[in-house]
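Some notes on the structure that comes next.
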Amino acid sequence: MIESITFAATEPGPRFLVLGAVHGTEMCGPHAIRRVMDDLHAGRLMIAKGRVTFVPEANARAFAAGKRFIDRNLNRFLVPTPDPQLHEEKLGNILCPMLADCDYMLDIHSYTVGGPAFAIAGSLDAGELGLAASLGADATLIEMADAYERSEKSGKPVHPDESVGTTVYARRMGAKAVLLESGKNGDPATIDIAYRAILGALSHLGMTVANAASAQPQRLIRTHKVYFRTDDGVYTQEWKNFSPVTKGQHLATRANGEKLYADIDGVIVLPFFNVPLGGEWFYVGYDADVTNAG
2 MIESITFAAT EPGPRFLVLG AVHGTEMCGP HAIRRVMDDL HAGRLMIAKG
52 RVTFVPEANA RAFAAGKRFI DRNLNRFLVP TPDPQLHEEK LGNILCPMLA
102 DCDYMLDIHS YTVGGPAFAI AGSLDAGELG LAASLGADAT LIEMADAYER
152 SEKSGKPVHP DESVGTTVYA RRMGAKAVLL ESGKNGDPAT IDIAYRAILG
202 ALSHLGMTVA NAASAQPQRL IRTHKVYFRT DDGVYTQEWK NFSPVTKGQH
252 LATRANGEKL YADIDGVIVL PFFNVPLGGE WFYVGYDADV TNAG
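See below:
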């Protein structure tokens, strides 16, 4: 079961979907979403046009259990499944129609290593970059799904649906979709960051009467490659999000002795320290040319 709550105005406008707790250990989304809903119920906020649908806990069972997921990552292989067996496959069959029925989508997350909030958009698309800029994050990461096509997993090409999560599926259905990484898991500040992001997005889309805040210049990072954890390898240092790296720098060593080197000058993105075998270990990206973002 997935709980969703919709607030619709009498005036036509965008269809906006906001998701929380796609991963059950990331609590900022549910708290921020319910805070915005409290504002709407109390009359402190009003939807002037269009409709917004909130899903506070997309994976409510994992959220209640304090687990990232029950059977598998809900934000991978998120496509309709004809004969769903796993818990997240069943949830996917509920979420996919929701993602197909929106014009804009915001998926709220937090991450393990912490650091400043950042957004993830699909490409140099003005609509998505505008939505990302309205969230108040310091940077926007683009082309993450494309990085999977440039990467390998255990020496083989990555399955084309492995990169399909909420944003990728929504884009396939024609929506502008952005993911917000609000900061470190469990940090109370992430709730405020996510709350302000929802308000910023609603204002940007013209759905509330508040004036949209001017978007601040953002760092734009293009995702280059994803590295998977195929064994009990180790990092060469305790990487932070957006740690700079240089071409040829030793980044990590797999358990079989294979050394992983940066093949470009860039930055480490989302280094995970407790990822299950087969999961994404870390990404490498580089600064994009913002002059091409219009």
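Plus 1 on top of the position in the sequence shown (first one is 1) and you've got the numbering used here.
Backbone N, C-alpha and C fix where the C-beta goes; we use that ideal spot for every residue, glycine too.
All figures in this text were calculated on a predicted structure; none of them were measured in a lab.
Within the DSSP secondary-structure output, residue 286 pairs in a beta bridge with 224 and 268. Straight across, the Cα-Cα distance linking residue 273 with residue 53 is about 33 Å.
The alpha-carbon separation between residue 94 and residue 179 amounts to approximately 20 Å. If you draw a straight line from the Cα of residue 73 to the Cα of residue 87, it comes to about 8 Å. By DSSP's assignment, residue 153 forms a beta bridge with 158. The beta carbons of residue 16 and residue 102 sit about 7 Å from each other, so the pair counts as a contact at 8 Å.
Burial check for residue 219: the Cβ neighbour count within 10 Å reaches 16 or more, so the residue is buried. DSSP places residue 184 outside any alpha helix (DSSP H); the residue lies instead in the beta strand (DSSP E), whose first and last residues are 177-185. For the stretch 87-166, the full-length alpha helix (DSSP H) segments reaching 4 residues or more read 88-101, 127-134 and 145-150 along the chain. Segment contact: the stretch 254-262 against the stretch 231-241, three or more CB-CB distances shorter than 8 Å; contact assigned.
Going by DSSP, residue 41 is part of the alpha helix (DSSP H) stretching over 29-43.
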